[in-house]
Amino acid sequence: MSALLIDAASWALLVLGSIFVLIGALGLVRMPDFYTRMHAAGITDTLGADLILLGLMVQAGFSLVTVKLVLIGAFLFFTSPTSTHAIANAAYTAGLRASPMDEEGDAPDEGGDSAGERP
Amino acid sequence: MIAGDFLGLFNYWIVIVLMMLGLYTVVSRGNLVKKIVGLNIFQTSVFLLYISMGKVTGGTAPILTGKPEVFSNPLPHVLILTAIVVGVATTALGLALVVRIKNAYGTIEEDEVQAADDEREFGNTAGTRDEAR
Amino acid sequence: MTIANVIDIALLVFLGLTAFAILKLRALFAVVMLSSVFSLVSACLLVHLDAVDVAFTEAAVGAGISTVLMLATLALTARREKASTRTQALPLIVVFLTGLALVYGTLDMPRFGDPAAPIHHHVAPKYIHDTETEIGIPNIVTAVLASYRGFDTLGEVTVIFTAGIGVLLLLGAFIREPDGLKIQTMHHHLVLRVVTKVLIGPILLFALYVQAHGDYGPGGGFQAGVIFAAAFIIYALVFGLENARLALPGHAVRVLVACGVLLYGGVGIVSILFGENYLNYSVLGSTPVHGQHWGILLVEFGVGLTVSAVMVSTFYAFAGQNPPISDEDW
Amino acid sequence: MFSATVAALLVAMVLALARLYMGPTLYDRVLAANAFGTKTVLLIGVLGFLTGRPDFLDISLLYALLNFIGTIAVLKFFRYRTLGDRVDPERGGGQR
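Residue numbers (our numbering), protein chains in the order written: chain A, 1 to 119; chain B, 1 to 133; chain C, 1 to 330; chain D, 1 to 96.
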C-alpha cells in the first residue's frame with residue numbers, strides 16, 4: 001500500500017516537473033525576443049528541475065542517493081538563477097533592449113551575432 | 001532481420017557520419033579554430049566507436065556490486081577515459097599554436113597565412129595581396 | 001524498440017545535428033557554444049552506454065575547461081570565420097566515398113551489444129573476474145587503469161605533461177607580468193562574487209571526494225584533477241587573474257606539473273627497490289592486496305596533481321596573454 | 001514512468017538545440033546552452049534510475065556545480081574582451 005502511495009507521489013512530481021520543463025523549452029523557442037525567452041527558460045527550468053529531483057528523491061527513499069539529489073537540487077538552485085542573471089546583465093550592458101513591438105529584431109542567423117556590440 | 005541490422009549497426013553508422021563531418025570540417029574550412037573544433041568532433045566519434053563496441057546488452061556499468069551481474073567491457077572505458085584528458089591537453093596545445101600564428105601573421109585563416117608565406121618566399125607575384133597583412 | 005533504443009537513437013541524432021550545425025555556422029562564438037553542447041550530449045550517451053567513468057571525465061572536461069580555453073583563444077584571435085574561397089567539391093567527394101567504404105565495413109562487424117563479440121572474450125573477462133581478489137576494489141575501470149595497465153596510464157600522463165610543457169613553451173614568453181597597473185575586475189558583479197565564493201569550497205571538496213572515491217565509484221585522478229583546476233579557473237575569472245596568481249603562483253604550478261609525473265614514476269622505482277617489477281604494487285603493503293591499494297592511491301594522486309597543474313598553467317598562459325583582441329577582429 | 005520523464009527531457013533538449021542554432025543574438029545561444037546543461041543534469045539523473053543503478057549521480061552533481069563556469073566565461077568575454085585582467089591604461093588608477 002505504502003509502496004503504491006510512494007510511486008503515485010513520485011509519478012505526480014515527475015510528470016509535473018516534465019510539464020514545466022516542456023513549457024519552458026517551448027517558451028525558449030516560441031517567445032518573440034531575448035528577454036521573454038529568458039523569462040520562459042529561467043523560471044520554469046528551476047521549478048521543473050527541482051520537481052523532477054523531488055520525484056526522484058521520493059523514489060530513492062532515505063539513502064546516499066537522496067543526499068546527492070538534495071545537493072544537486074541545492075546547487076542548481078544557486079547556479080541556475082545566477083547564470084540567468086549573468087546572461088541578462090551581459091545582454092543589458094551590451095545594449096540589447098527588449099523590443100516587444102519590433103519583430104525586426106529577429107535578424108537572420110549570421111548577422112545576429114554582432115547584436116552584442118559594446119556601446 | 002533488417003530491423004535487427006538497423007538497430008545493431010545504427011551506432012556505428014552515426015559514428016561514421018560524425019567522423020566524416022569532423023574530417024570535412026578539418027579539410028574544407030580555412031579557419032584554424034574551426035579546424036580544431038572539427039578535430040574534436042572526429043575525436044569524439046572515435047571515443048563513441050570504442051564505447052559502443054564495449055557495450056553488452058543487458059550489461060551494467062563495470063563497478064562491482066557484490067552481486068553476480070553482467071558487466072560491460074571495462075577495457076575500452078579505460079582507454080577512452082585517459083584519451084579524453086589527453087585530448088583536451090593536445091587541444092590546448094593546438095589552440096596555443098593558433099594564438100602564436102595570429103601573433104606572427106595577423107590572421108587565423110589558412111589561405112591568408114599561405115598567401116603571406118608565398119609572398120615572403122617568392123616576392124609579390126600574386127598581385128593583389130592587400131589582405132595578407 | 002525499447003526505451004533504451006529510443007534514448008540511444010535520439011542522443012546519436014542530436015550529436016549528428018550538432019556536428020552539422022558546427023560545420024554550417026560561421027560565427028565562431030556560436031561554434032564554441034555548440035561544441036559545449038556536443039560534449040554534454042556525448043556525456044549523456046556515455047552514461048547510457050554504461051561508461052560512467054568516461055562520462056564523468058567528459059563532464060569534467062566539457063563543463064568548464066574546454067569552453068574556457070576556446071573562448072580564451074577567440075579573445076586573442078578573431079570572432080568570425082571568413083568565407084572560404086576554395087572549392088568544396090573535392091573534399092566532399094573524398095569524405096563521401098570514405099564514409100561509404102566505412103559503412104560497407106560495418107556490415108561485417110558484430111552487432112551492437114552482442115555478448116559474443118570477440119572484444120568481450122580476450123582480456124576483459126580476466127579483469128572482471130580477478131579484480132575482486134587481486135586488487136580488492138569495486139571499480140574495475142580504476143583497477144585496470146591504475147594497476148593492470150599502469151604503464152599505459154604512465155604514458156598518458158607523460159603526454160599530458162608534454163602537452164602542458166608545449167603550451168608553456170609556445171605562450172609562456174608572452175604572459176603579461178603584473179606591472180603595478182590597476183586592473184578592472186568584476187567588482188560590481190556582486191551576485192556573481194557571492195555565489196562564486198559559496199561554490200568554490202564545495203567544488204574543491206567535491207574534487208577531493210572524486211579523487212578519493214575513485215576506487216569505489218566513478219572518479220579518479222583524471223577527473224579530480226580537472227575539477228580542481230576548474231575551481232581555480234572560476235576564481236580567476238571572477239576575482240581577477242592577478243588574485244588567482246597570488247593564491248597559486250605560476251611558478252609553483254609549473255613545479256607541481258613535474259611533481260605528479262615524478263610521483264607516478266617514483267612509485268614504480270620503489271617497487272623495483274623492493275625487488276619486484278616496475279609498477280607492481282604488491283610489495284608496497286603488508287599483503288599484496290593492501291599493497292595494490294597503496295599503489296593505486298599514490299598513482300591516482302600523481303595523476304590528479306599533474307592534470308590539475310597542467311590545466312591551471314594552461315589557463316594562466318592563455319588568460320595572461322597580451323594584447324587582447326583588436327577592434328578589427330571583434 | 002521514468003520513460004515519460006526521459007521523453008519530455010529529450011523533447012526539451014531538441015527545442016533548446018533549435019534555439020541554439022537559430023540564435024539570433026549570441027545571448028540567445030548562451031541561454032540555450034545553459035538550459036541544455038540543466039536538462040543534461042536531469043537526464044543523467046533519471047537515466048540512473050531507469051537502469052536501476054542510481055548511484056551514478058556524481059556526474060549530475062558535477063554538472064550542477066560546474067555548468068555555470070562557461071556562462072561566467074562568456075560574460076567576461078563579452079564585457080572585457082579577455083578572460084584575463086583588462087588593463088586600463090587611459091584611466092591609470094581605474095576602479096578596483
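Ideal Cβ positions, reconstructed from N, Cα and C, are used throughout, including at glycine.
{"Query": "Compare the C-beta of A92 of chain B against all C-beta atoms of chain C and say whether one is closer than 7 Å.", "Result": "yes"}
{"Query": "For R53 of chain D, which three-state DSSP category applies?", "Result": "coil"}
{"Query": "At 7 Å on the CB atoms, spell out the chain C contacts of F36 of chain D, in chain order.", "Result": "V37 and L40"}
{"Query": "What residue from C:I128, C:I7, C:G220 and C:A21 has the CA that sits closest to T82 of chain B's CA?", "Result": "C:G220"}
{"Query": "Between which two residues does the alpha helix (DSSP H) harbouring A104 of chain B extend?", "Result": "P74 to Y105"}
{"Query": "When Cβ atoms are compared, which residues of the segment 23 to 48 of chain D fall closer than 9 Å to chain G?", "Result": "The chain inventory of the structure shown lacks chain G, comprising the protein chains A, B, C and D."}
{"Query": "Would you say L62 of chain D faces chain C, with C-beta separation under 7 Å as the test?", "Result": "yes"}
{"Query": "Counting only C-beta atoms, is S2 of chain A closer than 7 Å to chain D at any point?", "Result": "no"}
{"Query": "Check the DSSP bridge columns for R80 of chain C and list the partner residues they point to.", "Result": "C:A27"}
{"Query": "Can you find a C-beta in chain D that's less than 7 Å from the C-beta of D33 of chain A?", "Result": "no"}
{"Query": "With a threshold of 7 Å between beta-carbons, can T36 of chain A be considered close to chain D, or not?", "Result": "no"}
{"Query": "Just to check my reading of the structure: K55 of chain B and L49 of chain C have Cβ atoms closer than 8 Å, yes? What is that Cβ distance to the nearest angstrom?", "Result": "5 Å"}
{"Query": "Is F77 of chain D close to chain A, meaning its C-beta is less than 7 Å from at least one C-beta of that chain?", "Result": "no"}
{"Query": "In chain C, what lies closer than 9 Å to F71 of chain B by C-beta?", "Result": "D50, A124, I128 and I140"}
{"Query": "Let me check one thing: in DSSP terms, what residues is G105 of chain C bridge-paired to?", "Result": "The partner list for G105 of chain C (beta bridge, DSSP) is empty, contrary to what the question assumes."}
{"Query": "Out of curiosity, what's the CA-to-CA distance linking G111 of chain A and R111 of chain C?", "Result": "Residue confidence is low: G111 of chain A scores 38 on pLDDT, short of 50, so the model does not pin down where it sits. No coordinate-derived value is stated."}
{"Query": "Do the CB positions of G150 of chain C and L273 of chain C come within less than 7 Å of each other?", "Result": "no"}
{"Query": "Can you tell me which residues form a DSSP beta bridge with Q321 of chain C?", "Result": "C:I175"}
{"Query": "Under a Cβ-count criterion, where at least 16 other Cβ atoms within 10 Å of its own Cβ denotes burial, should R30 of chain A be classed as buried or exposed?", "Result": "exposed"}
{"Query": "Where does Y100 of chain D land, buried or exposed, given buried means 16+ other C-beta within 10 angstroms?", "Result": "Beyond the ends of chain D as shown, which are 1 and 96, falls residue 100 of chain D; an answer cannot be given."}
{"Query": "Tell me, which residues are paired with T57 of chain C by DSSP?", "Result": "Its beta-bridge partners do not exist; DSSP assigns none."}
{"Query": "On a Cα-Cα basis, can you pick out the residue from D:L17, D:L15 and D:L66 that is closest to F75 of chain A?", "Result": "D:L66"}
{"Query": "Between L46 of chain C and T91 of chain B, how many whole angstroms is the CB-CB distance? I'm expecting something under 8 Å.", "Result": "Not a contact, Cβ separation roughly 18 Å."}
{"Query": "For chain B, find out if any of its Cβ atoms is closer than 7 Å to the Cβ of R81 of chain D; answer yes or no.", "Result": "no"}
{"Query": "Quick one: measure Cβ to Cβ for T67 of chain C and S36 of chain C, integer angstroms, because I've assumed they're closer than 8 Å.", "Result": "5 Å"}
{"Query": "Name, please, each residue of chain A whose Cβ falls closer than 7 Å to the Cβ of T71 of chain D.", "Result": "S83, A86 and I87"}
{"Query": "Nearest to A4 of chain D by alpha carbon, out of A:L5, A:S18 and A:A8?", "Result": "A:S18"}
{"Query": "Could you tell me whether the segment 230 to 246 of chain C touches the segment 307 to 316 of chain C, where touching means 3 or more Cβ pairs closer than 8 Å?", "Result": "yes"}
{"Query": "How would you label E131 of chain B, buried or exposed, when you count the other beta carbons within 10 angstroms and need 16 or more for buried?", "Result": "Note that E131 of chain B scores a pLDDT of 47, beneath 50, so its modelled location is shaky; the value from the coordinates is reported in the next line. Under this definition E131 of chain B is an exposed residue."}
{"Query": "Taking the alpha-carbon positions, what's the T355 of chain C to V67 of chain A distance?", "Result": "With chain C covering 1 to 330 only, the question about residue 355 of chain C has no answer from this structure."}
{"Query": "Helix or strand or just coil, what does DSSP make of S286 of chain C?", "Result": "coil"}
{"Query": "I want to verify the contact list: residues of chain C whose CB lies under 8 Å from the CB of M1 of chain D, in sequence order.", "Result": "Going along chain C, no residue has its Cβ under 8 Å from M1 of chain D, so there is no contact; the nearest lies around 11 Å."}
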